[in-house]
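What follows is a single structure, written as structure tokens, with notes after it.
Protein chains in written order, with the numbering used here: chain Z, 6 to 793; chain V, 249 to 524; chain G, 101 to 257.
In structure tokens:
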């Protein structure tokens, strides 16, 4: 078979995964059903904080189609342990016990107290309403600083709501915070956000009772981590538990978790010996799926009169919610490594305090800690520029770390792989037409236009590619950070990749196929990528933290290298030359000096399969597995520019233009990379202008549906202008860095800085996000009041 | 989520609908269902029976009738928005309809449903109030009465409509030659109005200004109208936009902000109406 | 109660509970799972189908309300093994990522392009006001629809 000469890496190859998604043939979790399947629905607390004096399930049990109603007490014997929490970030962290159903007390609105099984979806929902809980409402606390006072203690056994304190420990010369000629202090309050994957969560548990074998189909980002941890919670040996992530309709971190419903479905399948299906409703999703952000920052920036930043010191309060989910207190810590951004600062300090509240648990939401860090840094840099009367672009320019191609230590202690921050910065300003924008802004101010122009900048770095296992161990994370890939070259010329990361919209199937195609001399269409099933690709650490390209893909790269070496042995044997006499190019071995003596990988896959004539000791088949543990993180970077128009009478801001110049290292598929930025930036604009989970004083979630939690539509966002710079990572063989989170990291401060910039001539210096029309209007009124 | 169980009956005529409604006081009319079904899915509404009026023949007309345009209650927002008769004779109605919900909602939701739901955040009631439009209500035994918009929209989700009455027709005056404006201020295109303003000005009738979502029902901005009648310019008159209002405070905006917004939007609406 | 509809050109009949929403009739009663459910407040538009050629959120319509009507779902868009120009354009322009909102986006666009075959970018964005996507930032969805509009109107003139 002739090898393919075309190269695919770096090309905008159209996605292999599209056909089923475009034609309604996808297998999302709610499209799956099994014979004898029952529907599960969860009875949830309507109160943010309440004692449970009793639960009467009798009328629910008597309803048509109802097959069982179970409370925490009914299921006590089912559990091998509580729901998993895998990141106890300090030795003395206080860990709330978190069972799949709560027994004596509900601690947030949505806390599960009982579960119903019925023949149909509707019957299950009807029965939920018929479960009568004798509640004893308690005072609730959702405000972080109020909760820290411990007037209401949410977990009595812990004795306090202040559950963890973590400090980076500082970097550089801390005396600058006392000695610097310019010191700016700022406070930023970031509300909770609801991730809103358009597909809600769901799962379907199946059991082969005779064999004790369980299969859980789940809309999850993390089938492998779920397998280990749910095995523990449900008392199922990992060897008897298979997790399948079918087509998953978006995650953004919300499916980077192991949830009560997954454990309940498994336990009830075991209890009833029938398959159990649960599909989350959107209203339920707002209560029962993790939230993100929810932090308060006190920030101090130390600088010279010229605007050179000397130090950045941050103290953060972080809302954990009522319990920890999988990683909860680790999220602020993740941000704790990037508060210096792309700037060359001498001193660095970061610490945070985690506080339990009567609200939905928080955890990783796209960016996970790094958007929080970038937001406060970039807001503070603008505050410094305003204080000094300087252009915010100029202040950034004089502080950027100069270009570097090899890994070097940063002030916060970790090595940064490579970077060219001035390149993305200058290109972003150029693309935006920064100077022209400033001219237009001045003219509008001069004319006192109702619509004023604002220009906002955000320069960021992020820490991706989670992660070196030894560093994760040092940070007290329970698992490693490696990933794995198996490559099989089949005798019909096709290739199968089985990989331990699993996408939910990111286009990995296409991206991995491009890489394998180039090495093996086939086309992406010849490559099948299998993932998301622990029986098919048993080794893996899943997809989150922009790790799939920098870790999973590196495992693929090394597996392909192993294939090449194995094939070389066979080619040398067949061509009767020494291995050293062979040259490898685009999927084929040529004898040096005799180009007509060739064996392609696809030829060798046949002879390796029938194994009629192989060298001594050669294992039949062209198949190899590699596990890659990265030596470092990867550190993408970039600069974004947002241009807004603000109506100074109503306070409404509209994004007029958005320019993003990112450096995610080597790009495998530019079309897919651009798509990641479009989506991430839009989520960032949403965070900056629209979205906010609001609780009332009793702990009721006021933004409880998509009608009042404002996920923006196409009308509210513009088309984007993108460009890239490529600084190869030194962490992995292909030099990739990751792009999944850059948009949500960079965009919120770019947008909020732009809004403040639009009204700064009126005296406005601060607006919290989201910069709603009312907040902007109030800030303008406040500034006028101050002036009067 | 799906609704709690209910009975369903399809009305063949208005009288049939009234008969079905009279037999069950927890029965509700469904036309497009775009106000009712979301509430039923969240189980915030649980009627015992739905009386589907959507198949009743010829209730979706839009036709000129002397000095008025008569709109059948089953005319969909999409039909109202695209009606040439309305675009020519009473453009504020078609314009406001084009901004209700989203295209999918406009393909199903009806003008009658919108009025009968009587949500103070809805656009159409405000426009009808500014127009001093009439609503034709049919009741048992062939009874029919015509109610002015100011009386029909009585309170929060409370139309002047008994449980066995059916809203049959909406009658709007021709506004040919009059300037008009409807400004809907919202965060996202698909959202309800945070505040909305309907204004009519000039040529055959004093200025009329009505407000969306500034109280428990659509309100006339009486202070503004009075100021305009006294010769005030729009900017001055608009300062009285919040007189007599009681706007809500919710996650979209505080009452204070809505009051200020009403002033800004009334001025803009008047200025637009005066040049249109 | 009895419901009879034409779905993608085929007559489909079934007895259903009155409370059966059209989307669950399509998904569970007749097994067409291409239409997705993303919310419970008719906000997200993932469930958009065509009823008598016009876009409708099938989670906010009873199956009984659709009785006798002509319904098109995403499964009915391709014909004779050929993707619909909108499906092709979404593929060519990377107008989808996780794919969950995609059937609704395509059906909303199909309905709109019948009304306005040559829209501007702004008009396309407004036509999508009832459809939410969390992955693409809409950039490539808008691009896809403009691309399809160009090809479709070019093909008919």
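The beta-carbon is built from N, C-alpha and C at its ideal position, and this holds for glycine as well.
Over what stretch of residues does the beta strand (DSSP E) that includes residue i continue unbroken?
i: residue 747 of chain Z; result: Looking at the DSSP string, residue 747 of chain Z is not in any beta strand (DSSP E); the run it does join, the alpha helix (DSSP H), is 747–764.
i: residue 76 of chain Z; result: 71–76
i: residue 494 of chain Z; result: 488–494
i: residue 503 of chain Z; result: 500–504
i: residue 426 of chain Z; result: Where residue 426 of chain Z is concerned, there is no enclosing beta strand (DSSP E), although the alpha helix (DSSP H) it sits in stretches over 426–437.
i: residue 397 of chain Z; result: That residue, residue 397 of chain Z, is in no beta strand (DSSP E); its alpha helix (DSSP H) goes 397–402.
i: residue 292 of chain Z; result: Here residue 292 of chain Z belongs to no beta strand (DSSP E); instead the alpha helix (DSSP H) covers 287–293.
Between residue i and residue j, what straight-line distance do the alpha-carbon atoms span, to the nearest angstrom?
i: residue 555 of chain Z; j: residue 742 of chain Z; result: 6 angstroms
i: residue 443 of chain V; j: residue 365 of chain V; result: 18 angstroms
i: residue 164 of chain G; j: residue 122 of chain G; result: 8 angstroms
i: residue 682 of chain Z; j: residue 194 of chain Z; result: 25 angstroms
i: residue 514 of chain V; j: residue 655 of chain Z; result: 12 angstroms
i: residue 663 of chain Z; j: residue 725 of chain Z; result: 5 angstroms
i: residue 146 of chain Z; j: residue 703 of chain Z; result: 7 angstroms
i: residue 208 of chain G; j: residue 241 of chain Z; result: 45 angstroms
i: residue 466 of chain Z; j: residue 532 of chain Z; result: 34 angstroms
Assuming residue i is part of the alpha helix (DSSP H), what are its boundary residues?
i: residue 774 of chain Z; result: Segment: none, residue 774 of chain Z is in no alpha helix (DSSP H) and carries neither H nor E.
i: residue 108 of chain Z; result: Premise fails: residue 108 of chain Z is in no alpha helix (DSSP H) and is neither H nor E.
i: residue 213 of chain Z; result: Taken as a continuous stretch (DSSP letters only), residue 213 of chain Z belongs to no alpha helix (DSSP H), being part of the beta strand (DSSP E) at 207–213.
i: residue 509 of chain Z; result: Neither: residue 509 of chain Z is in no alpha helix (DSSP H) and is coded neither H nor E.
i: residue 471 of chain V; result: 470–477
i: residue 312 of chain V; result: Counting along the chain, residue 312 of chain V falls outside any alpha helix (DSSP H), though it belongs to the beta strand (DSSP E) covering 310–313.
Taking Cβ to Cβ, would you say residue i is nearer than 8 angstroms to residue j?
i: residue 616 of chain Z; j: residue 625 of chain Z; result: yes
i: residue 637 of chain Z; j: residue 412 of chain Z; result: yes
i: residue 229 of chain G; j: residue 438 of chain V; result: yes
i: residue 94 of chain Z; j: residue 419 of chain Z; result: no
i: residue 306 of chain Z; j: residue 404 of chain Z; result: no
i: residue 411 of chain V; j: residue 267 of chain V; result: no
i: residue 231 of chain G; j: residue 205 of chain G; result: yes
i: residue 142 of chain Z; j: residue 52 of chain Z; result: yes
i: residue 753 of chain Z; j: residue 380 of chain Z; result: yes
i: residue 199 of chain Z; j: residue 111 of chain Z; result: no
i: residue 156 of chain G; j: residue 172 of chain G; result: no
i: residue 493 of chain V; j: residue 477 of chain V; result: no
i: residue 233 of chain Z; j: residue 334 of chain Z; result: no
May I ask you to report which of helix, strand or coil DSSP gives residue i?
i: residue 255 of chain V; result: strand
i: residue 219 of chain Z; result: strand
i: residue 157 of chain G; result: strand
i: residue 188 of chain G; result: helix
i: residue 17 of chain Z; result: coil
i: residue 392 of chain V; result: strand
i: residue 617 of chain Z; result: coil
i: residue 177 of chain G; result: coil
i: residue 791 of chain Z; result: Residue placement at residue 791 of chain Z cannot be trusted, given a pLDDT of 49 that sits under 50; what the coordinates show is reported in the next sentence. Residue state, collapsed to three classes: helix.
i: residue 612 of chain Z; result: helix
i: residue 657 of chain Z; result: coil
Can residue i be considered in contact with the ligand NAP, in the sense that its beta carbon sits closer than 7 angstroms to one or more heavy atoms?
i: residue 667 of chain Z; result: Ligands displayed in this structure: none; no statement on the ligand NAP is therefore possible.
Exposed or buried, which one is residue i when buried takes at least 16 other CB atoms within 10 Å?
i: residue 261 of chain V; result: exposed
i: residue 707 of chain Z; result: exposed
i: residue 336 of chain V; result: exposed
i: residue 451 of chain V; result: exposed
i: residue 257 of chain G; result: Bear in mind that the predicted position of residue 257 of chain G carries a pLDDT of just 43, short of 50, making it too unreliable to give a figure here.
i: residue 102 of chain G; result: exposed
i: residue 96 of chain Z; result: exposed
Quick one: is residue i near chain C, going by C-beta distance under 8 angstroms?
i: residue 302 of chain V; result: Among the chains of the structure shown, chain C does not appear; the protein chains present are Z, V and G.
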